[in-house]
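For the sequence shown, this note's numbering gives the first residue as 26, with consecutive numbering after it.
Here is the structure we will look at.
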Amino acid sequence: MIVPVDHIEPVPRRVRAFLGGEQVLETTRARYVWEWPFFPQYYIPIDDLNRNLLIEGQRTEVSRRGTARLHGLQVGETIRPSCGRLYGDDALAGLADTIRFDWAAMDGWFEEDEEVFVHPRNPYARVDALRSTRSVRVELEGVVLAESTSPVLVFETGLPTRYYLNRTDVNFRHLVASETRTACPYKGQTSDYWSVRLDDQAHPDLAWSYDFPTAALLPIAGLIAFYNEKVDLFVDGERLSRPTTPFH
């Protein structure tokens, strides 16, 4: 936790959001607001919104940040009821006449011209992808699933180190393609997931890959990582303890 809950600061990036092919908002005056410790939300000045798309509501919600009136969005036949909270005069300093939309209400959010997934990126979080020559071995129930001496290590604030391995270093005899797909604000959208099958027992969604990660994470493109939490991971011959937070 770098900043406290309800911390507010300006967003230095142009923010845009789209729904049903229409641009709902465009602003260079958004605010970051930390509603909880791990990442902020965007609060958008009402003047930077296409107000023709708003459905005015009657319900209000009261929070630590002030009283907000719920509004919906409509673009053609696409309706998102009660997805926006418009704050009034009793809001925290800097939040009066701003609106906070549910992230999932939009078809896409963009910082400058790069799409952002799941939630706004935390300006105090860092993600680095570093090439390495450390030896990495992945096992499950004594079966070797992958072994490499050329991994890419991903260091992400608050999360365990992830080890991305070349596909030629992975034993695909035990991997079964999965329909699961996930997204990350910092890495983008996954392109593949795999479960592991050993002796007719399935271990769902243990590995994933990003074919088209964000620009900052290009070193992991096409590589495969396994959940440290769900496999036995050995780095330079030493078995790592399993972390408890299953996020990638």
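Every residue, glycine too, gets a C-beta built ideally from N, C-alpha and C.
Excluding the 5 residues flanking it on each side, Leu79 has same chain C-beta neighbours closer than 6 Å at His96, in chain order. Under the three-state reduction of DSSP, Trp134 is assigned to strand. If you draw a 10 Å sphere on the C-beta of Asn147, you find 16 or more other C-beta atoms in it, and that means buried. When the five nearest sequence neighbours on each side are left out, the beta carbons in the same chain lying within less than 6 Å of the beta carbon of Pro238 are those of Lys212, Gly213, Ile245 and Ala246, in order along the chain. Comparing alpha-carbon positions, the option among Thr158, Ala118, Arg264 and Arg125 lying closest to Leu111 turns out to be Arg125. In this chain, the beta strand (DSSP E) harbouring Asp230 covers Gln226 to Ser234.
Trp219: member of the beta strand (DSSP E) spanning Asp217 to Leu223, first to last residue. Within the DSSP bridge table, the entry for Val58 names Ile33 and Gln66 as partners. The C-beta separation of Ala55 from Met131 comes to about 14 Å, leaving the pair out of contact by the 8 Å criterion. The Cβ atoms of Tyr188 and Val143 lie no closer than 9 Å to each other.
Our two residues, Lys255 and Pro65, have alpha carbons roughly 29 Å apart in a direct line.
Closest option to Tyr252, judged by alpha-carbon separation, among Ala232, Leu184 and Ala241: Ala232. Contact between Leu155 and Leu178 holds: CB atoms are separated by about 5 Å, below the 8 Å threshold. Considering only Pro210, Pro185, Leu248 and Val168, the residue with the shortest C-alpha distance to Glu139 is Pro210. Rounded to the nearest whole angstrom, the C-alpha separation of Gly183 and Ala150 is 8 Å. Ranked by Cα distance from Ser157, the first of Pro145, Glu166 and Pro176 is Pro176. For Phe63, the closest C-alpha among the options Glu137, Trp128, Pro145 and Pro106 is that of Pro145. DSSP places Arg198 within a helical segment (H, G or I) once states are collapsed to three.
Of all alpha-carbon atoms in Gly109, Glu34, Thr193 and Pro35, the one lying nearest the alpha-carbon of Asn75 is that of Gly109. For the 9 Å CB-CB criterion, Tyr235 and Thr215 form a contact. Around the C-beta of Arg90, 16 or more other C-beta atoms lie within 10 Å, and the residue is accordingly described as buried. Looking at the backbone, the Cα of Asp153 and that of Pro185 are separated by about 12 Å.
One Cα belongs to Asp115, the other to Pro29, and the distance between them is close to 20 Å.
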